[in-house]
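Notes follow once the structure below has been shown.
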Amino acid sequence: MGQIIVLDQNMINMIAAGEVVERPASVVKELMENSIDAGATKITVSVEDGGRKLISVADDGCGMDAEDIAKAFEPHTTSKIKTSADLQGISTLGFRGEALASIASVAQVRAVSRTPDSTQANYIEIDCGNKSGVSPCSADFGTTIHIRDLFYKLPARRKFLKTANTETSHIVEQFTRVVLGFYFVSDPALHNKQQQGAAGRNLDLTLIHNGREIYRLSGKQSLRQRIGELFPMLPAGASEDFIEAESSERGLHIFALLGTPGVSRTSNKFQYIFLNGRFIRDKFISHAIKEAYRGLLEPDRFPVVFLFIGMPYEDYDVNVHPTKIEVRFYNANLVYSQVLACLREKLLSTNLETHAKLPAKETPPAAGHRDQRITDAIAEFLKRHRPAQARQAGASPERHYPAVHAGARQAVESGVSQPVSGIGDEQRRFIQIHDSFIVAQTDDGFVIIDQHALHERIIYEYLRRRISTGSLESQKLLIPESFEISEGLADVIEGNAELFEKLGIEMVPFGPRTMAIQAFPSLLANVAPLDFVRDLIDLLDRKVAGPDAEKLLEEVLNMAACKAAVKAGQKLSDSEIEQLLADKGLAESASRCPHGRPTTIKFSISDLEKQFKRT
Ligand code: ADP
Ligand code: MG
Numbered sequence: 000m001g002q003i004i005v006l007d008q009n010m011i012n013m014i015a016a017g018e019v020v021e022r023p024a025s026v027v028k029e030l031m032e033n034s035i036d037a038g039a040t041k042i043t044v045s046v047e048d049g050g051r052k053l054i055s056v057a058d059d060g061c062g063m064d065a066e067d068i069a070k071a072f073e074p075h076t077t078s079k080i081k082t083s084a085d086l087q088g089i090s091t092l093g094f095r096g097e098a099l100a101s102i103a104s105v106a107q108v109r110a111v112s113r114t115p116d117s118t119q120a121n122y123i124e125i126d127c128g129n130k131s132g133v134s135p136c137s138a139d140f141g142t143t144i145h146i147r148d149l150f151y152k153l154p155a156r157r158k159f160l161k162t163a164n165t166e167t168s169h170i171v172e173q174f175t176r177v178v179l180g181f182y183f184v185s186d187p188a189l190h191n192k193q194q195q196g197a198a199g200r201n202l203d204l205t206l207i208h209n210g211r212e213i214y215r216l217s218g219k220q221s222l223r224q225r226i227g228e229l230f231p232m233l234p235a236g237a238s239e240d241f242i243e244a245e246s247s248e249r250g251l252h253i254f255a256l257l258g259t260p261g262v263s264r265t266s267n268k269f270q271y272i273f274l275n276g277r278f279i280r281d282k283f284i285s286h287a288i289k290e291a292y293r294g295l296l297e298p299d300r301f302p303v304v305f306l307f308i309g310m311p312y313e314d315y316d317v318n319v320h321p322t323k324i325e326v327r328f329y330n331a332n333l334v335y336s337q338v339l340a341c342l343r344e345k346l347l348s349t350n351l352e353t354h355a356k357l358p359a360k361e362t363p364p365a366a367g368h369r370d371q372r373i374t375d376a377i378a379e380f381l382k383r384h385r386p387a388q389a390r391q392a393g394a395s396p397e398r399h400y401p402a403v404h405a406g407a408r409q410a411v412e413s414g415v416s417q418p419v420s421g422i423g424d425e426q427r428r429f430i431q432i433h434d435s436f437i438v439a440q441t442d443d444g445f446v447i448i449d450q451h452a453l454h455e456r457i458i459y460e461y462l463r464r465r466i467s468t469g470s471l472e473s474q475k476l477l478i479p480e481s482f483e484i485s486e487g488l489a490d491v492i493e494g495n496a497e498l499f500e501k502l503g504i505e506m507v508p509f510g511p512r513t514m515a516i517q518a519f520p521s522l523l524a525n526v527a528p529l530d531f532v533r534d535l536i537d538l539l540d541r542k543v544a545g546p547d548a549e550k551l552l553e554e555v556l557n558m559a560a561c562k563a564a565v566k567a568g569q570k571l572s573d574s575e576i577e578q579l580l581a582d583k584g585l586a587e588s589a590s591r592c593p594h595g596r597p598t599t600i601k602f603s604i605s606d607l608e609k610q611f612k613r614t
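For the sequence shown, numbering that gives the first Met the number 0 begins at 0 and goes up steadily by one.
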């Protein structure tokens with residue numbers, strides 16, 4: 000006898016629920032999305048015991064009549080699509096017609112709904128798939144759905160739920176995603192022109208846990224205010240901590256709030272990507288964000304980014320994932336390149352100098368070696384405020400570090416960067432402290448510059464520019480420097496001949512297992528050729544396996560810049576400092592060293608006045 004049976008409908012729903020309803024937060028998401036699709040202007044989400052006991056979502060949307068309320072909880076019922084052609088351009092958050100049926104198969108549900116033009120409301124009750132009839136009742140217009148005791152007949156799944164605190168934090172996360180997504184769609188100034196539906200619609204949102212209000216968000220808030228309320232730990236309101244990027248090209252509207260490197264995090268939890276109001280995850284877009292911040296962040300830090308993309312619904316498929324968290328772009332390359340260009344351009348054209356956070360009243364300065372060094376540096380500066388005058392007569396002409404004049408000039412000619420230093424010419428004042436940091440007065444305060452980090456960035460940018468257009472200039476060594484190499488390393492040299500040539504390093508075999516360096520890049524004049532070449536070969540030897548030539552070149556340039564840059568502890572003459580400050584103004588991303596660490600920390604005079612209680 001055959002073993003196969005046809006599952007009954009409730010079993011089918013329960014199985015479907017496994018995909019859509021993972022935990023209370025998934026229910027909150029589905030119900031909120033339904034309320035938004037119903038045109039609500041007010042949604043109140045109330046949960047108890049992390050949503051395990053109760054989840055209720057009330058809205059003032061279009062409601063349902065008696066017939067619809069009965070149908071809504073049947074499997075595969077929806078008012079959002081009718082024909083297969085509708086699948087091509089889905090503008091609503093829902094369309095699969097699965098959520099209510101799935102939820103109702105694994106919990107106790109009571110739904111009350113009234114359409115605005117009816118005087119009477121109706122309700123239905125469902126207990127794990129067992130439906131009551133629809134009965135009239137009295138209620139305001141809109142829809143309220145209560146979900147009690149999720150998974151109570153499925154002990155295995157119920158056991159999987161975490162503590163109330165953990166489930167609540169998942170709920171807060173889903174609430175946040177829906178809230179922010181809607182914000183973009185609804186703001187006429189920001190929204191994509193294709194989406195006329197929600198434009199200009201204000202949505203008030205409230206989240207209550209165990210009777211206590213967690214959020215009450217007014218629909219009239221600005222995006223920054225809203226982010227500020229949802230993430231109290233992020234300085235979203237501060238324009239210097241969050242910059243705005245926007246572009247509208249080739250059918251793609253992009254708006255982003257970009258956290259400056261100073262507000263970066265140790266995980267990518269604070270990267271929110273929305274597509275036409277829907278929170279999505281997308282590897283391509285995440286990669287574009289990472290690329291946009293390349294060189295501006297230390298490798299183990301993640302930027303805080305709120306990215307809103309608007310594009311025609313026909314240009315992607317949302318029907319690829321049960322919870323619709325992933326979509327398939329028909330032209331993923333276009334999305335990637337537009338996002339990268341929009342973000343990168345904005346980041347590079349913005350002065351990202353780290354703004355010093357002076358200790359707040361009574362609180363000790365944040366601990367940490369670097370912070371302490373900076374605090375000491377300020378104290379030192381204030382104590383011996385003995386500004387060295389610029390253009391000092393007889394300043395030593397000798398330079399300990401390679402000139403970057405040529406690079407700077409080239410930057411100006413090609414128009415790739417603007418001066419960003421803000422250091423006024425007439426009253427330029429600076430001082431070097433501990434032979435490592437430069438304190439320089441600016442128009443509205445002063446900056447502390449890490450001389451090595453800044454110089455490294457300047458040289459790095461120069462090298463990059465030169466390499467991208469040809470090879471580095473090289474200089475013949477008076478006496479060739481020879482060194483011995485093992486068999487394996489000879490292969491490394493041979494395999495990277497092109498790279499050596501680009502760098503301006505000339506080497507010739509000089510007897511068995513010996514090579515001689517004959518020419519060396521003039522820009523690295525103060526670097527010992529032998530040390531450099533040895534380290535370079537080591538680096539190449541470690542990396543030969545890696546296929547990414549671009550990354551390898553970057554590492555090589557990083558190494559060269561690091562070796563050529565002035566070191567911490569190196570005394571600089573006034574003219575050298577002046578040169579460094581001038582070059583800073585011409586560098587593209589002078590605020591970060593090539594490894595992403597800050598080069599400059601700025602202090603505003605108003606902060607100082609506050610600290611000294613002058614205001
Ligand atoms: P989907 O959202 O994919 O259409 P659901 O199972 O979530 O599927 O909902 C089924 C239908 O119930 C919706 O298409 C909609 O017509 C109706 N509905 C659900 N929630 C609401 C609501 N809050 N207000 C009005 N109608 C609703
Ligand atoms: Mg739905």
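Yeah, the Cβ is synthetic: ideal placement off N, Cα and C, and Gly gets one too.
Secondary structure at residue i, three-state DSSP: helix, strand or coil?
i: threonine 77; result: coil
i: asparagine 121; result: strand
i: phenylalanine 429; result: strand
i: tyrosine 335; result: helix
i: threonine 265; result: coil
i: leucine 556; result: helix
i: glycine 444; result: strand
i: isoleucine 484; result: coil
i: glycine 218; result: coil
i: serine 285; result: helix
Is the beta carbon of residue i less than 8 Å from the beta carbon of residue j?
i: leucine 333; j: leucine 295; result: no
i: cysteine 127; j: alanine 106; result: yes
i: serine 104; j: alanine 39; result: no
i: serine 266; j: phenylalanine 301; result: yes
i: isoleucine 600; j: threonine 353; result: yes
i: glycine 62; j: phenylalanine 140; result: yes
i: proline 231; j: valine 262; result: no
On a Cα-Cα basis, can you pick out the residue from the options that is closest to residue i?
i: isoleucine 170; options: Val177, Ala24 and Thr322; result: Ala24
i: leucine 552; options: Ile123, Val105, Tyr214 and Ile466; result: Ile466
i: lysine 566; options: Ala71, Ser117, Gln431 and Gly50; result: Gln431
i: phenylalanine 159; options: Ala581, Glu297, Arg22 and Ser131; result: Arg22
i: phenylalanine 519; options: Asp537, Leu462, Phe499 and Arg512; result: Phe499
i: aspartate 582; options: Ile457, Thr259, Lys550 and Gly180; result: Ile457
i: alanine 120; options: Thr77, Ala106 and Ile144; result: Ile144
i: threonine 513; options: Leu535, Ala98, Asn525 and Leu488; result: Leu488
i: glutamate 472; options: Ile504, Met232 and Ser217; result: Ile504
i: aspartate 299; options: Tyr271, Arg264 and Pro321; result: Arg264
i: glutamate 587; options: Ala439, Arg596, Gln440 and Glu344; result: Glu344
i: leucine 502; options: Glu460, Ala559 and Gly210; result: Ala559
i: valine 446; options: Ile484, Val317 and Ser590; result: Ser590
i: aspartate 537; options: Gln8, Leu522 and Ser485; result: Ser485
i: valine 142; options: Ser83, Asn33 and Ser217; result: Here residue 142 is threonine; the residue named in the question, valine, does not match the sequence. Ranking Ser83, Asn33 and Ser217 by Cα distance to threonine 142 puts Asn33 first.
What is the residue span of the alpha helix (DSSP H) that residue i lies within?
i: cysteine 136; result: Counting along the chain, cysteine 136 falls outside any alpha helix (DSSP H), though it belongs to the beta strand (DSSP E) covering 134 to 136.
i: glutamine 517; result: That residue, glutamine 517, is in no alpha helix (DSSP H); its beta strand (DSSP E) goes 513 to 520.
i: proline 528; result: 528 to 542
i: valine 622; result: Absent from the model: residue 622. The displayed extent of the chain is 0 to 614, so no value can be given.
i: glutamate 472; result: Looking at the DSSP string, glutamate 472 is not in any alpha helix (DSSP H), and its letter there is neither H nor E.
i: glutamate 29; result: 23 to 36
i: arginine 615; result: No information on residue 615 is available, as it lies outside the stretch 0 to 614 that the chain covers here.
i: glycine 584; result: 573 to 585
Leaving out five residues on either side along the sequence, give the residues of the same chain with a beta carbon under 6 Å from the beta carbon of residue i.
i: isoleucine 437; result: Phe429, Gln431, Ile448, Gln450 and Ile576
i: proline 74; result: Asn12 and Ala100
i: aspartate 540; result: Val491
i: glutamate 124; result: Arg109 and Ser131
i: isoleucine 207; result: Ser45
i: glutamate 608; result: Thr614
Go to residue i, then tell me how far its beta strand (DSSP E) extends in each direction, as first and last residue.
i: phenylalanine 241; result: 241 to 248
i: leucine 462; result: Where leucine 462 is concerned, there is no enclosing beta strand (DSSP E), although the alpha helix (DSSP H) it sits in stretches over 450 to 468.
i: arginine 147; result: 141 to 147
i: glutamate 47; result: 41 to 47
Kindly list the residues whose CB is nearer than 7 Å to the CB of residue i, restricted to its own chain and excluding five residues on each side of it in sequence; keep chain order.
i: tyrosine 182; result: Leu222 and Arg225
i: isoleucine 604; result: Asp443 and Gly444
i: glutamate 248; result: Gln337
i: proline 593; result: Gly294, Glu455, Arg456, Tyr459, Asn557 and Ala560
In its own chain, which residues sit with a C-beta less than 8 Å from the C-beta of residue i, not counting the 5 before and 5 after it?
i: tyrosine 335; result: Phe283, Ile284, His286 and Ala287
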